[in-house]
Every structure is written in C-alpha cells, then in structure tokens.
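Student: Those letters in the sequence shown? Residues 155 to 218, per our numbering, in order. Even for Gly, the Cβ is constructed at its ideal location relative to N, Cα and C. Supplied in structure tokens, the structure appears directly below.
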Amino acid sequence: MGQFDDERGKSKLETIVGSLMLLSFGLGILAFLIAIDHPEWFSLRPASGTAAAMSKASNFAPHK
C-alpha cells in the first residue's frame, strides 16, 4: 500500500509541468486537425502584386 502514497510527495512543479505538457499535446493535435481541413493554406501564392502580375503573364499563351 505504501507505493500508492507517492501522490503526497509530488511537488507542485511536477504537476504543473505535466499539465502543461498535456495541454501542449492537445493544442498540437487540435492545430493538426484544423490544418488538414484547410489544404489551401499550404499552396504557394505570389507575395506581391508584381509577382502576381509576372506569374499571370508567364501563364498567358500569346496568340500566333
């Protein structure tokens, strides 16, 4: 029975660290689940108006 009385010997710091680790794990899982629902967040887009214009111009096929 003495092996289960170890709860009283735990420090507050160990309890807080364990709770923070569990919280960060849960938030990481939540972020992952949100991210896989939005694949458009990971597509590369031009960063400026100039880059967007150059990208659009390079995709334009000239008429011959």
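Find out if the Cβ-Cβ distance for the pair A201, W195 is shorter than 8 Å.
Tutor: No, the pair does not count as a contact, with Cβ atoms beyond the cut-off.
Student: Here's a check: name, in chain order, each residue in its chain whose Cβ is nearer than 7 Å to the Cβ of S197, leaving out the five neighbours to either side.
Tutor: Taken in chain order, the list of residues that qualify is empty.
Student: Indicate the three-state DSSP secondary structure (helix, strand or coil) for S209 in the structure shown.
Tutor: Note: S209 maps to helix in three-state DSSP.
Student: Alpha helix (DSSP H) containing S178: first to last residue?
Tutor: Unbroken alpha helix (DSSP H) run through S178: 166-190.
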